[in-house]
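Chemist:
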Amino acid sequence: DAKTTQPTSMDCAEGRAANLPCNHSTISGNEYVYWYRQIHSQGPQYIIHGLKNNETNEMASLIITEDRKSSTLILPHATLRDTAVYYCIVHTNAGKSTFGDGTTLTVKP
Amino acid sequence: GEEVAQTPKHLVRGEGQKAKLYCAPIKGHSYVFWYQQVLKNEFKFLISFQNENVFDETGMPKERFSAKCLPNSPCSLEIQATKLEDSAVYFCASSQKKGAYTEAFFGQGTRLTVV
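Top line first, the protein sequences correspond to chains A and B. The opening residue of the first sequence carries number 208 in the numbering used here; numbering runs sequentially from there. The opening residue of the second sequence carries number 269 in the numbering used here; numbering runs sequentially from there.
(1) Using a Cβ-Cβ cutoff of less than 8 Å, which residues in the same chain neighbour residue 221 of chain A once the five nearest sequence positions on both sides are dropped?
(2) Take the Cβ of residue 282 of chain A as the centre, count every other Cβ of all protein chains shown within 10 Å, and call the residue buried at 16 or more, exposed below.
(3) Which same chain residues end up closer than 7 Å to residue 304 of chain B when comparing Cβ atoms and leaving out the 5 residues on each side of it in sequence?
(4) Quick check on residue 332 of chain B: does DSSP put it in helix, strand or coil?
(5) Do residue 276 of chain A and residue 235 of chain A have their beta-carbon atoms positioned less than 8 Å apart in this structure?
(6) Considering only residues of the same chain and omitting the five flanking positions on each side of residue 230 of chain A, which have a CB-CB separation below 6 Å?
(7) Between which two residues does the beta strand (DSSP E) containing residue 257 of chain A stretch?
(8) Determine the extent of the beta strand (DSSP E) in which residue 213 of chain A is found, giving its start and end residues.
(9) Would you say residue 297 of chain A and residue 244 of chain A are within 8 Å of each other, going by their C-beta atoms?
(10) Exposed or buried, what is residue 293 of chain B when buried is set at 16 or more other beta-carbons lying within 10 Å of its beta-carbon?
(11) Residues of chain B with a CB under 9 Å from the CB of residue 308 of chain A: which are they?
(12) Sort out for me which residues DSSP pairs residue 226 of chain A with in a bridge.
(13) Any Cβ of chain A within less than 8 Å of the Cβ of residue 304 of chain B?
(14) Buried or exposed for residue 225 of chain A, going by 16 or more other Cβ atoms inside 10 Å?
Written as structure tokens, this is what we have:
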């Protein structure tokens with residue numbers, strides 16, 4: 208599985224968009240980009256995933272660059288409850304997810 | 269069920285004792301994964317199952333750790349002769365399909381403390 212690089216931490220003001228970047232320069236053609244988050248010590252929660260097109264769901268948007276070497280998770284209107292560790296994962300159909308260190312997002316009032 | 273159920277929530281064992289953790293995947297999900305989170309933010313993949321068959325066990329320590337997923341029973345992860353370094357939160361996840369095409373749903377974890 209490709210390695211991902213994320214900033215260690217980020218802050219965001221409540222109500223503003225949170226843009227979380229991820230580098231995955233060694234991604235290969237059949238690997239998807241997945242985002243999960245972990246709030247406190249709960250189990251990771253799925254957010255969104257994509258292959259090469261931008262994706263949007265009720266939680267977030269995922270922007271993948273044309274060369275697929277990086278992506279950005281966008282939380283359009285961050286709330287205090289979005290404070291969590293966000294993990295960017297790249298993996299194939301092999302089954303397992305290889306988690307990196309993640310980004311600790313702190314949403315501030 | 270509609271969520272992955274892990275039991276117990278907390279488990280305390282003395283060094284050398286056995287620990288057994290359970291995971292009931294979401295009904296209809298064919299794949300089960302076990303992860304170990306020792307330090308904050310550090311997840312380690314242990315093993316995955318496709319139904320009752322081991323799919324990928326590349327992360328399992330060869331000694332002391334074993335896992336099963338038997339029909340009509342919760343999956344289990346067993347640690348024989350626990351060591352202090354086994355203290356961690358163990359997460360189970362399940363998915364309908366393997367890997368790239370579908371998300372995994374995680375349980376709330378079992379916190380194992382070895383004293």
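Note that beta-carbon positions come from the ideal geometry of N, C-alpha and C, so glycine has one too.
Modeler: Reading from the atomic positions:
(1) Within the same chain, residue 221 of chain A has close Cβ partners 285, 286, 287, 314, 315, 316.
(2) By the neighbour-count definition (other C-beta atoms within 10 Å, threshold 16), residue 282 of chain A is a buried residue.
(3) Shown here for residue 304 of chain B: same chain residues with a beta carbon closer than 7 Å to its own, the five before and five after excluded, namely 312, 314, 356, 358 in chain order.
(4) In the structure shown, residue 332 of chain B sits in coil (DSSP, three-state: anything other than H, G, I, E or B).
(5) No.
(6) Once the five neighbours on either side are set aside, the close Cβ partners of residue 230 of chain A are 212, 277.
(7) Counting along the chain, residue 257 of chain A sits inside the beta strand (DSSP E) bounded by residues 252-257.
(8) Here residue 213 of chain A belongs to no beta strand (DSSP E), and DSSP marks it neither H nor E.
(9) Not closer than 8 Å, so no.
(10) Looking at its Cβ environment, which holds 16 or more other Cβ atoms inside 10 Å, residue 293 of chain B is buried.
(11) At a beta-carbon threshold of 9 Å, the residues of chain B lying near residue 308 of chain A are 309, 310, ordered along the chain.
(12) Beta-bridge analysis with DSSP links residue 226 of chain A to A:281.
(13) No, its Cβ sits nowhere closer than 8 Å to a Cβ of chain A.
(14) Its Cβ being crowded by 16 or more others within 10 Å, residue 225 of chain A is buried.
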